[in-house]
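Each number in my numbering comes from the position in the sequence shown (counting from 1) with 82 added on.
Virtual Cβ for every residue (Gly too), placed ideally from N, Cα, C.
Presented below is the structure to which this report refers.
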Amino acid sequence: MQRTSLVTLGLLTALVATVGCGDDKGTTATDGSTGTAGDTEEPTAGTTPTGTTDDATAGTTTTDDTEGTTAPTTTGGVCEEGMQMPGAGAEGTACTANADCESESCIKWTDSQTDAVCGARAECGNTRFIGTLTDFATGEPIANTELRVVGALAAIQGIESAVDIVKVTSGADGRIDATSETPVNTGIGVIGVVGGGDYYLTATGLAQPYEGSTLYPPLNGIHDIWGVPTAKLTEWSGYLMTDADQAVVDALPLGESGGVVGLVRQGGAPVAGAVVVPENDSSTAAIRYLNEDGMGFNTDGTSSNGVFVLLNPSIAEKFTVEIGGNATGLTGTAGSAKMAVFALIFNAP
């Protein structure tokens, strides 16, 4: 039976203090999905939303049939904005998260960006998705690659078959910029899916709905969108095949059998000495950390590369992270599905 959980949405739960997900309600890491945990955020059947692009900074978008969207409310032909939880910052004001802005839109292309400013709100209750496609192994931008944004609930039934909310191709700098044509309306959260070419199907949590609703903020909260190279998954699976725990071996290979690939960062850089801890004491998840030389895994903690893997997490299982023996207050929710790998990023301040 296919086991699935969701992409961590950073602020997916404001629990994610600074994990890559989102700082704003409605977004998060690889939290919620396996998205990012930290201070970064998140009925018209047969409608065809078209993503929009910023020619100066982003890739191109294509139109596709979508689910998980709803027709905007209009009065006299003028659309009304949906739910709003604005902050105090006017457009152009410095910000670190969507919650800082009156428009709920802190324009960040990466989760570690420090010079972001508040931007304009997407119109008519729609959601704009911006970020940078990033190679998990090298940290470099991924150019000219397609990103699909789909509902997490739909992905549970199968990521490949999930209907796109938006679809966009990254620019030469790896950036994407696409806006839903109608308001996003789906439970749990939305994920970004990268795959094809050199990359295994990789899911990153991008945003979550407002609390108590299935409607979304005007901007996603997670902006680092990951692609894990197929060759790297194969290499890591080979190292893990020698693990003394048979449960680890039985959960391989990564990707084909699901699994989570994660990273612990502090101040935007990978950090050594971090330990990922299940919230549930009875957890059966196996956690392994990439060695300093990248040639094997250990059970002690992260090396300077900050990389870890989770095998056999329960559905939507929550994890915290400690650095140097100290709690960070960050929480991430692991996602796992057959024939896909999920990214879970903890961003400590």
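How many whole angstroms separate the CB atoms of residue 363 and residue 371, which I take to be in contact at a CB cut-off of 8 Å? For the purposes of this step, residue 363 is taken as the residue at position 281 of the sequence shown. For the purposes of this step, residue 371 is taken as the residue at position 289 of the sequence shown. Between residue 363 and residue 371 a beta carbon distance of about 20 Å is seen, past the 8 Å cut, so the two are scored as non-contacting.
Check for me: the alpha helix (DSSP H) holding residue 332 runs from which residue to which? For the purposes of this step, residue 332 is taken as residue 250 along the sequence shown, with counting starting at 1. Counting along the chain, the alpha helix (DSSP H) containing residue 332 begins and ends at 328-332.
CA-CA distance, residue 109 and residue 394? What you label residue 109 is simply residue 27 of the sequence shown in a count that begins at 1. What you label residue 394 is simply residue 312 of the sequence shown in a count that begins at 1. Caution applies to residue 109, whose pLDDT of 35 falls short of 50 and renders its modelled position unreliable; the value that the coordinates give is listed next. Residue 109 and residue 394: Cα-Cα distance of roughly 25 Å.
Once the 5 residues before and after residue 366 are set aside, which same chain residues still bring their CB inside 8 Å of it? Counting from one through the sequence shown, the residue named residue 366 turns up at place 284. Excluding positions up to five away in sequence, the list reads 329, 394 and 396.
Just to confirm before moving on: does the CB-CB distance between residue 400 and residue 413 stay below 7 Å? Residue numbering aside, residue 400 sits at position 318 when the sequence shown is read from its first letter. Residue numbering aside, residue 413 sits at position 331 when the sequence shown is read from its first letter. In this structure, the beta-carbon distance from residue 400 to residue 413 falls below 7 Å.
Based on DSSP bridge pairs, tell me the residues matched to residue 360. The count along the sequence shown starts at 1 and reaches residue 360 at position 278. DSSP lists 401 as partners of residue 360.
If you follow the alpha helix (DSSP H) that residue 204 is in, where does it begin and where does it stop? As a first step, residue 204 is located in the sequence shown; it is residue number 122 there, counting from the start. From DSSP, residue 204 is part of no alpha helix (DSSP H); its letter is neither H nor E.
Could you check the C-alpha separation between residue 426 and residue 186 for me, to the nearest Å? Translated into positions along the sequence shown, residue 426 becomes position 344. Translated into positions along the sequence shown, residue 186 becomes position 104. Pairing residue 426 with residue 186, the inter-Cα distance amounts to about 24 Å.
Which residues bound the alpha helix (DSSP H) around residue 313? Position 231 of the sequence shown, counted from the start, is the residue given in the question as residue 313. Run containing residue 313: 312-322, per the alpha helix (DSSP H) assignment.
Residue 427 lies in the beta strand (DSSP E); which residues open and close that run? For this step, residue 427 is matched to residue 345 along the sequence shown. Where residue 427 is concerned, the enclosing beta strand (DSSP E) starts and stops at 423-430.
Extent of the continuous beta strand (DSSP E) to which residue 224 belongs: For this step, residue 224 is matched to residue 142 along the sequence shown. Secondary structure note for residue 224: it is in no beta strand (DSSP E), with a DSSP letter that is neither H nor E.
Considering only the alpha carbon of each residue, which of 349, 205 and 391 lies closest to residue 369? Sequence index remark: in the sequence shown, residue 369 carries index 287 (1-based). Out of 349, 205 and 391, 391 has the C-alpha closest to the C-alpha of residue 369.
Just the C-alpha distance for residue 323 and residue 341, rounded to the nearest angstrom, thanks. For the purposes of this step, residue 323 is taken as residue 241 along the sequence shown, with counting starting at 1. For the purposes of this step, residue 341 is taken as residue 259 along the sequence shown, with counting starting at 1. Roughly 14 Å between the two C-alpha positions.
Could you check which residue in 247, 313, 281 and 271 has the C-alpha nearest to that of residue 260? On the sequence shown, position 178 is the one that residue 260 refers to. Selected option, being the one with the closest Cα: 247.
With distances taken between CB atoms, is the gap from residue 447 to residue 268 smaller than 7 Å? No answer is possible for residue 447: the residues shown for the chain start at 83 and end at 431.
Could you check if residue 417 is buried or exposed, using at least 16 other CB atoms within 10 Å of its CB as the buried criterion? On the sequence shown, residue 417 is found 335 positions in, with the first residue counted as 1. The residue is buried, with at least 16 neighbouring Cβ atoms inside 10 Å.
Length at least 3, wholly inside the region 259-311: the beta strand (DSSP E) runs in chain order: Every beta strand (DSSP E) of 3 residues or more that sits fully in the region 259-311 is shown, in chain order, as 272-278, 281-289 and 306-311.
Please report how far the alpha carbon of residue 130 lies from the alpha carbon of residue 249, in whole angstroms. As a working mapping, residue 130 is identified with position 48 in the sequence shown. As a working mapping, residue 249 is identified with position 167 in the sequence shown. Interpretation of residue 130 is limited by its pLDDT of 25, a score under 50 that renders its predicted location unreliable; the figure taken from the coordinates is listed afterwards. Looking at the two C-alpha atoms, the distance is approximately 11 Å.
According to DSSP, is residue 380 part of a helix, a strand, or is it coil? As a working note, residue 380 is residue 298 in the sequence shown. Secondary structure of residue 380 (DSSP, three-state): strand.
If you follow the alpha helix (DSSP H) that residue 235 is part of, which residue opens it and which one closes it? In the sequence shown, the residue the question calls residue 235 occupies position 153. Here the alpha helix (DSSP H) through residue 235 covers 234-238.
Span separating the alpha-carbon of residue 195 from that of residue 233: Reading the sequence shown from its first residue, position 113 is the one you call residue 195. Reading the sequence shown from its first residue, position 151 is the one you call residue 233. When only Cα atoms are considered, residue 195 and residue 233 end up about 26 Å apart.
Nearest-angstrom beta carbon gap, residue 173 and residue 202 [assumed within contact, 8 Å]: Looking up residue 202 in the sequence shown gives position 120. Looking up residue 173 in the sequence shown gives position 91. Right, the Cβ-Cβ distance comes to about 6 Å (below 8 Å), so this counts as a contact.
Go ahead and pull the three-state DSSP assignment for residue 255. The residue labelled residue 255 in the question sits at position 173 within the sequence shown. Coil at residue 255, not helix or strand.
Would you kindly check if the distance between the Cβ of residue 406 and the Cβ of residue 349 is under 7 Å? Along the sequence shown, read from residue 1 onward, the residue named residue 349 stands at position 267. Along the sequence shown, read from residue 1 onward, the residue named residue 406 stands at position 324. Taking 7 Å as the Cβ cut-off, residue 349 and residue 406 do not qualify as a contacting pair.
What is the residue span of the beta strand (DSSP E) that residue 410 lies within? Sequence index remark: in the sequence shown, residue 410 carries index 328 (1-based). In the DSSP assignment, residue 410 falls within the unbroken beta strand (DSSP E) covering 408-415.
Whole angstroms is fine: what's the gap from residue 216's alpha carbon to residue 307's? Position 134 of the sequence shown holds residue 216. Position 225 of the sequence shown holds residue 307. Their Cα atoms are separated by approximately 6 Å.
Within this structure, are the beta carbons of residue 213 and residue 305 separated by less than 7 Å? Counting from one through the sequence shown, the residue named residue 213 turns up at place 131. Counting from one through the sequence shown, the residue named residue 305 turns up at place 223. Yes, Cβ-Cβ distance for residue 213 and residue 305 is below 7 Å.
Does the Cβ-Cβ distance between residue 423 and residue 310 come in under 7 Å? As a first step, residue 423 must be located in the sequence shown, where it is residue number 341. As a first step, residue 310 must be located in the sequence shown, where it is residue number 228. Cβ distance < 7 Å, so residue 423 and residue 310 count as in contact.
Three-state secondary structure (DSSP) of residue 155: For the purposes of this step, residue 155 is taken as the residue at position 73 of the sequence shown. Low confidence applies here, because residue 155 scores a pLDDT of 46, under 50, leaving its location unreliable and the question unanswered by this model.
Could you tell me which residues DSSP pairs with residue 189 in its beta bridges? The sequence position of residue 189 within the sequence shown is 107, counting from 1. DSSP, once it has assigned bridges, lists 199 as partnering residue 189.
For residue 325, which of helix, strand or coil comes out of DSSP? In the sequence shown, the residue the question calls residue 325 occupies position 243. Secondary structure of residue 325 (DSSP, three-state): coil.
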